[in-house]
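Enquirer: Residue 410 is where the sequence shown ends in our numbering, and the numbering goes up by one at each step.
Ideal Cβ positions, reconstructed from N, Cα and C, are used throughout, including at glycine.
My questions all concern the structure below.
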Amino acid sequence: MPTAADSVLDLPFDAEPDPEEYLRAAMRWHFSPETGSPFWLERAGSLDFDPLTDIRTYQDLTRFPNFASQLRDVPAGDLIPRGYGDRPDVVGVYESGGTTGAPKRIVLLRDWLDRLIAWSSAQLDAHGVPRGVNWLVVAPSGPHMVGDVIKHQTAYRGGLAFTVDLDPRWVKKLIAEGKGAEAGAYAEHIVDQVAYVLRTQDIGVLMCTPPVLERLAHRDDLAKLIEQKVRAINWVGTQMDADTRYLYRTEVFPDAKLYSGYGSTMILGNASERPGLTDDEPCVYDPYSPYMTFSVIDPQTGRTVEYGERGQVVMHHVSKSLFIPNNLERDHATRCRPAPGRAQTGDSVADIAPVKEFDDETVIEGVY
């Protein structure tokens with residue numbers, strides 16, 4: 043039978059727990075022998091501090107070593123907290139994109155998926171993305187998390203999900219081998235599949251990456267179809283510069299809501315574009331804290347940069363189902379203050395761009 047957790051770990055998705063109370067409850071859950079995962083219980087003894095007594099604030103999470111690279115080969119079942127019992131409700135085992143070497147793996151549990159979808163849906167509502175419409179999802183599917191999550195989200199919002207699978211690893215491999223023409227041919231293959239769905243189905247929301255959206259916009263017939271049918275465009279994955287975003291919003295697709303998220307498998311979800319930004323403002327992302335939190339640091343010193351300055355993104359995921367602290371991501375960003383009046387732990391971020399190298403590997407974005 044599952045072991046009871048602190049009630050603060052099971053609050054409704056839109057509740058705002060006291061961050062330090064929440065963090066201490068999470069430490070008790072993840073580092074108690076009855077409820078913690080084999081992964082963390084095994085590593086607790088190697089730490090030079092006691093997570094149960096020494097981790098009091100989110101800043102204290104920087105005391106943890108970055109264990110994320112160990113997720114490449116750890117048995118996936120070792121990540122599941124024992125408190126879920128012998129038959130945890132596992133939605134799936136998912137992998138990171140593999141941009142910087144062998145992919146890392148996480149386990150997605152039902153309670154976190156339900157929480158994430160409810161929160162994400164509320165963000166879509168805030169941006170005016172319609173409910174009760176079908177989505178065309180042009181994104182990686184298994185072993186990647188994003189495609190499956192969006193299918194669940196579409197059902198939650200009352201629509202059907204049509205999918206076109208995107209294999210980012212293949213495109214990155216082609217680019218790394220200097221086979222740009224083949225990578226371009228694969229991208230056109232994706233666009234041809236998107237075209238077929240757009241022509242035959244009632245699509246209200248299009249989810250795709252900026253490189254795919256660019257190719258769609260360059261085909262006049264498809265640009266017209268999107269303008270006629272699609273009421274919102276949710277772009278994800280690789281980043282979009284401010285000028286391109288402005289062009290799409292004002293000239294290419296002026297009647298569609300343009301909305302984005304900044305996500306990572308290592309935080310089991312994404313941060314949401316801040317509602318109400320003008321076309322001239324940078325795209326600022328606010329995380330779902332205290333479950334997902336960001337900081338922006340100088341990678342040479344490890345110190346947090348000033349607001350408005352650029353640095354490398356550090357992510358923490360702290361939920362009942364998973365704990366991944368102090369994960370240095372492959373992205374640079376501008377550090378931003380939280381939205382006025384919003385109770386948020388950690389930073390917001392803007393102007394996302396990949397670092398050139400990460401874990402001794404060249405970073406290639408490709409189509410995702």
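Taking the Cβ atom as the reference point for each residue, do Glu137 and Thr251 lie within a distance shorter than 8 Å?
Expert: No Cβ-Cβ contact shorter than 8 Å links Glu137 with Thr251.
Enquirer: In whole angstroms, what is the alpha-carbon distance linking Pro54 and Leu151?
Expert: Cα to Cα, the separation comes out at about 16 Å.
Enquirer: Touch check for the segment 169-183 and the segment 272-285: three-plus C-beta pairs under 8 Å?
Expert: yes
Enquirer: In three-state DSSP terms, what is Phe365?
Expert: strand
Enquirer: Is DSSP giving Thr196 helix, strand or coil here?
Expert: helix
Enquirer: If I measure Cβ to Cβ from Leu51 and keep anything under 7 Å in the same chain, skipping five residues before and after, which residues do I get?
Expert: Ala67, Ala68, Trp71 and Lys362
Enquirer: Tell me where the alpha helix (DSSP H) around His231 begins and ends.
Expert: Gly222 to Thr242
Enquirer: Hey, could you find the ends of the beta strand (DSSP E) Met282 is sitting in?
Expert: That residue, Met282, is in no beta strand (DSSP E); it is neither H nor E in DSSP.
Enquirer: What is the DSSP secondary structure of Glu293, reduced to helix, strand or coil?
Expert: helix
Enquirer: So the beta strand (DSSP E) Ile148 belongs to, where does it begin and stop?
Expert: Arg147 to Leu151
Enquirer: Rounded to the nearest angstrom, what separates Met334 and His359 at their Cα positions?
Expert: 5 Å
Enquirer: Would you list the residues sitting across from Glu137 in a DSSP beta bridge?
Expert: Arg147
Enquirer: Roughly how many whole angstroms lie between the Cα atoms of Asp56 and Lys221?
Expert: If you draw a straight line from the Cα of Asp56 to the Cα of Lys221, it is about 47 Å long.
Enquirer: Specify whether the segment 183-200 and the segment 145-159 touch according to this definition: at least 3 beta carbon pairs, one from each stretch, less than 8 Å apart.
Expert: yes
Enquirer: Could you spell out where the alpha helix (DSSP H) holding Pro270 opens and where it closes?
Expert: In the sequence as presented, Pro is not what sits at residue 270; that position holds Gln. Run containing Gln270: Asp262 to Lys271, per the alpha helix (DSSP H) assignment.
Enquirer: Cα-Cα, which of Pro382, Gly388, Gln354 and Ser337 is closest to Arg372?
Expert: Closest by alpha carbon: Gln354.
Enquirer: Using CA atoms only, rank isn't needed, just tell me which of Arg147, Tyr126 and Gly127 is closest to Gly134.
Expert: Arg147
Enquirer: Rounded C-beta distance between Ser88 and Arg124? I'm assuming under 8 Å.
Expert: Rounded, the Cβ-Cβ distance is 19 Å, inconsistent with contact.
Enquirer: Reducing DSSP to helix, strand and coil, say where Glu371 ends up.
Expert: strand
Enquirer: Looking at Pro61: is its Cβ nearer than 8 Å to the Cβ of Thr387?
Expert: yes
Enquirer: CA-CA distance, Asp190 and Phe73?
Expert: 30 Å
Enquirer: Are the CB atoms of Thr343 and Ser337 nearer to each other than 8 Å?
Expert: Taking 8 Å as the Cβ cut-off, Thr343 and Ser337 do not qualify as a contacting pair.
Enquirer: Using the Cα positions of Tyr327 and Pro317, report the straight-line distance between them to the nearest angstrom.
Expert: Distance between the alpha carbons of Tyr327 and Pro317: 9 Å.
Enquirer: Which partner residues does Cys250 have in the DSSP bridge list?
Expert: Trp277
Enquirer: Quick one: what's Glu315 bridged to in DSSP?
Expert: Tyr327
Enquirer: Kindly give me the distance between the Cβ atoms of Pro182 and Leu208, rounded to whole angstroms, as I take these residues to be in contact under 8 Å.
Expert: 5 Å
Enquirer: Under a three-way DSSP split, which group does Gly111 fall into?
Expert: Note that residue 111 is Ser in the sequence shown, not Gly. The answer is helix: DSSP assigns Ser111 an H, G or I state.
Enquirer: Across which residues does DSSP place His358 in a beta bridge pair?
Expert: Thr335
Enquirer: Among Phe204, Val180 and Asp262, which one has its Cα closest to the Cα of His231?
Expert: Ranking the options by Cα distance to His231, first place goes to Val180.
Enquirer: Run through the segment 147-190 for me and flag every whole alpha helix (DSSP H) of 4 or more residues, listed as ranges in chain order.
Expert: If we require 4 residues or more, the alpha helix (DSSP H) runs fully inside the segment 147-190 come out as 152-168.
Enquirer: Give me the Cβ distance between Leu103 and Pro324, rounded to the nearest whole Å; I'm assuming they're in contact under 8 Å.
Expert: 27 Å between Cβ atoms; not a contact.
Enquirer: Under a Cβ-count criterion, where at least 16 other Cβ atoms within 10 Å of its own Cβ denotes burial, should Ala385 be classed as buried or exposed?
Expert: Counting C-beta atoms within 10 angstroms of its own C-beta, Ala385 has fewer than 16 neighbours from the protein chains shown and is therefore classed as exposed.
Enquirer: For the alpha helix (DSSP H) that contains Thr95, what are its first and last residues?
Expert: Pro93 to Asp96
Enquirer: Given that a residue counts as buried once 16 or more other Cβ atoms are within 10 Å of its Cβ, and exposed if not, what is Pro253?
Expert: When all chains shown are included, Pro253 counts as buried.
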